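Undergrad: Quick one: structure below, then a few questions.
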Amino acid sequence: MTEHIHTPRSQDPEDVKRRNFIKGLFGGILGILTLSITWPFVSYLIPTSVGGRDEKFIKVPNFSSLPIGIPKKMNFEDVDEEAFLRLNVIYDIWVIKHSEVSATVYSPLCPHLNCRYNWDGKKFSCPCHGSLFSENGKVLGGPAPRPLDTLPYKIEAGELFVQWKLYKAGIPAKIEA
Ligand code: FES
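The sequence shown begins at 257 in my numbering and counts up one residue at a time.
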């Protein structure tokens, strides 16, 4: 017959307190890490009508310094007020400035399966499954079912403001997710 030997945990109140503290600390750190990693994805699932995230135009810095006619990746930051924690979220977009009052703004996500694509100097190319797009967003090759998705924008007093939107991937129609 096998005997199992159990070493009883110390019931010393100080030890119990320490163990509980360490457990709580790890739980807290794990929770914060999980939230910070998953929030950008989870936040997309929140109905937009609740807080109207999609309704607001957010300023994209440095529009005035962009060269004319050359696609540039730009970043902008927004504070997510819908979160119970206020979170700063960094977005990226592709901007082609046509003039001081006109531009094309693309979502950075490939309409095939949402990978981020790049500009190689002549065309946009997606590293995931090889979709290619012209400067005006037209599909040149690969499995992408539709052109690049443009985002709503406005230019006021020389500043660019963009509405962040997500569109359903993998389908020919441009429909908000
Ligand atoms: S996600 Fe871009 S080609 Fe598949």
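In this text, a Cβ means the ideal position worked out from N, Cα and C, and glycines have one as well.
The structure presented is a predicted model; accordingly, all values stated were derived computationally and were not measured.
Nearest to Ile349 by CA position, among Leu341, Gly377, Glu333, Glu356, is which residue?
TA: For Ile349, the nearest C-alpha among the options comes from Glu333.
Undergrad: Using a Cβ-Cβ cutoff of less than 6 Å, which residues in the same chain neighbour Gly393 once the five nearest sequence positions on both sides are dropped?
TA: Only Pro403, Leu404 meet the Cβ criterion.
Undergrad: Is Gly393 near the ligand FES, with its Cβ less than 7 Å from a heavy atom?
TA: No.
Undergrad: With burial defined as no fewer than 16 other Cβ atoms inside 10 Å of the residue's Cβ, what is the status of Phe389: buried or exposed?
TA: Burial call: buried.
Undergrad: State the DSSP-derived secondary structure class of Arg402, mapped to helix, strand or coil.
TA: In the structure shown, Arg402 sits in coil (DSSP, three-state: anything other than H, G, I, E or B).
Undergrad: Residues with a Cβ closer than 7 Å to any heavy atom of the ligand FES, in chain order?
TA: Here the residues come out as Cys366, His368, Leu369, Asn370, Cys371, Tyr373, Cys382, Cys384, His385, Gly386, Ser387, Gly398, Pro399, Ala400.
Undergrad: If you run the structure through DSSP and keep just helix, strand and coil, what is Lys379?
TA: Lys379: coil per DSSP, three-state reduction.
Undergrad: So if DSSP puts Phe389 in a beta bridge, which residue, or which two residues, is it bridged to?
TA: Answer is Phe380, Val395.
Undergrad: DSSP three-state label for Phe340, please.
TA: Note: Phe340 maps to coil in three-state DSSP.
Undergrad: Compute the distance between the beta-carbons of Val418 and Ile352, then report whether it is under 8 Å.
TA: Contact: no.
Undergrad: Between which two residues does the beta strand (DSSP E) containing Val316 stretch?
TA: Element bounds for Val316: 314-316.
Undergrad: Keeping to the same chain, check which residues put their C-beta closer than 6 Å to that of Val357; ignore five residues upstream and five downstream.
TA: If we look at Val357 and ignore the five residues flanking it on each side, its Cβ neighbours are Ile411.
Undergrad: Just how far apart, CA to CA, sit Gly397 and Pro367?
TA: Cα to Cα, the separation comes out at about 13 Å.
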